[in-house]
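K.L.:
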Amino acid sequence: MRTQKSNITTHMEFVLLGFSDSPHLQWILFGIFFFMYLTILLCNSIIILITKIDPVLQTPMYFFLSNFSFLEVCYVTVTMPRMLLDLCTQKGSISLFDCAAQMCFILILGGMECLLLTVMAYDRYVAVCNPLHYALVMNHKVCTQLVAASWISVIPAAIGQTYQIFSLHFCGSNRINHFICDILPILRLACHETFVNEIAVYVATVVFIMVPFLLIIVSYGKIISSILKLSSAKGRAKSFSTCSSHLIIVVLFYGTVSITYLQATSNSSEETGKLLSLLYMILIPTLNPVIYTLRNKDITLALKKLFIKLLI
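Numbering that gives the first Met the number 0 puts the first residue of the sequence shown at 0, with every later residue one more than the last.
(1) Compare the C-alpha of T241 against each of L286, I290, L167 and G91 and name the closest.
(2) Would you call Q57 buried or exposed, if buried means 16 or more other Cβ atoms sit within 10 Å of its Cβ?
(3) Quick check: N129 and P288, are their CB atoms within less than 8 Å of each other?
(4) Considering only residues of the same chain and omitting the five flanking positions on each side of L227, which have a CB-CB separation below 8 Å?
(5) Taking the straight line between their C-alpha atoms, what separation do you get for L64 and L16?
(6) Starting from E197, trace the alpha helix (DSSP H) in both directions and tell me its first and last residue.
(7) Looking at the unbroken beta strand (DSSP E) that takes in S317, where does it start and where does it end?
(8) For the stretch 295-304 against the stretch 39-53, are there 3 or more C-beta pairs whose distance is under 8 Å?
(9) Within 7 Å: the Cβ of L64 and any heavy atom of the ligand SAH?
(10) With distances taken Cα to Cα, identify the nearest neighbour of P184 among P284, H191, P54 and I175.
(11) Quick check: what's the CA-CA separation for M280 versus I247?
(12) Can you look up A263 in the DSSP assignment and give me helix, strand or coil?
(13) Would the beta-carbon of Y196 fall within 8 Å of that of L186?
(14) Determine the extent of the beta strand (DSSP E) in which L15 is found, giving its start and end residues.
(15) Give, in chain order, every unbroken run of the alpha helix (DSSP H) that is at least 4 residues long and sits entirely within the stretch 14-71.
(16) Name the two residues that bound the continuous alpha helix (DSSP H) containing N287.
(17) Mind checking N66: buried by the 16 CB within 10 Å criterion, or exposed?
(18) L41 to N138, Cα distance in whole Å?
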């Protein structure tokens with residue numbers, strides 16, 4: 000029995016069920032997701048490009064936005080090509096190593112997005128509440144250090160979380176009711192008690208999701224308080240416009256991610272978890288560039304100048 004369990008754990012392939020409950024929609028879903036993937040790649044690449052070449056956008060806010068767009072591209076590339084392949088082949092088989100690698104990258108990039116959104120909120124806080132010292136406080140060296148610190152803090156935690164989960168023994172069914180190798184669906188396949196692992200998931204959720212979210216809420220509380228004290232209606236409108244795009248993305252991303260990783264690990268929540276994952280992994284990254292471009296005059300002007308250069 001011990002040898003059999005060891006062999007299963009070492010050589011077993013998982014099967015991602017994905018959207019197998021809707022086989023008649025496979026090619027329709029493939030077309031929709033493929034279009035969304037191309038949109039995410041194109042829009043975020045354009046944002047990265049214009050923030051690098053336009054002199055007006057050489058500020059800390061757009062430095063962080065460029066990093067955020069790069070993260071979005073990496074985030075969807077870790078998940079969507081595999082999902083599109085599974086929709087084409089309708090197989091969904093994935094090796095234990097590939098599954099662990101995908102989970103690790105998802106945790107790294109997802110945790111990094113949470114921390115980067117917090118850094119972006121801090122940047123807006125300094126810009127609105129301490130504008131006279133903004134250039135000194137948020138210089139290029141500090142901005143680079145904040146991004147680097149976010150990477151350094153999230154990578155060991157994600158690797159440790161992945162190692163802990165894939166150190167478990169898996170037996171019985173190898174079918175994952177999801178389109179990615181996510182934590183909760185994998186834990187449901189473990190042979191042994193997973194209470195300790197679930198506690199570790201909740202702790203990581205609090206550290207990398209809830210604490211940053213609370214810091215963002217505090218930052219925006221002070222930002223809104225400072226904006227309301229401005230005597231100029233035009234100044235208030237400009238400040239709200241600058242911060243609103245980031246706040247919309249924070250609410251959308253943190254809302255869906257928090258619900259996903261704080262939900263109970265019961266079978267009744269599997270479909271809900273899959274739907275929420277679709278929202279924060281595909282739909283929200285598709286909307287993010289639209290939210291930033293439509294509500295940001297600097298980016299809109301930079302896009303117009305880029306298109307004019309391309310046409311001339």
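Glycine included, C-beta positions come from ideal geometry on N, C-alpha and C.
P.N.:
In brief:
(1) Looking from the CA of T241, the closest CA among L286, I290, L167 and G91 belongs to I290.
(2) Q57 comes out exposed.
(3) At least 8 Å separates the beta-carbon of N129 from that of P288.
(4) Hits under 8 Å: R235.
(5) If I take the Cα positions, the gap works out to 35 Å.
(6) Counting along the chain, the unbroken alpha helix (DSSP H) around E197 starts and ends at F194 to T204.
(7) A query on residue 317 cannot be resolved here, the shown segment of the chain reaching from 0 to 311 and no further.
(8) Between the stretch 295-304 and the stretch 39-53, the count of C-beta pairs closer than 8 Å reaches three or more; the two stretches touch.
(9) The ligand SAH is absent from the structure shown, which contains no ligands of any kind.
(10) Looking at the Cα atoms, I175 is the closest of the given residues.
(11) M280 and I247 have their C-alpha atoms roughly 16 Å apart.
(12) Confidence at A263 is low in this model, with a pLDDT of 48, below 50, so the placement of that residue should be treated as unreliable; the coordinate-derived value is given next. DSSP, read as helix, strand or coil, puts A263 in coil.
(13) One point to set straight first is that residue 196 is Asn, not Tyr, in the sequence displayed. In this structure, L186 lies closer than 8 Å to N196 by Cβ.
(14) From DSSP, the beta strand (DSSP E) with L15 extends over E12 to L15.
(15) Qualifying alpha helix (DSSP H) stretches, in chain order: 25-52.
(16) Per DSSP, N287 belongs to the alpha helix (DSSP H) from I283 to L293.
(17) Looking at its Cβ environment, which holds 16 or more other Cβ atoms inside 10 Å, N66 is buried.
(18) Roughly 29 Å separates the two Cα atoms.
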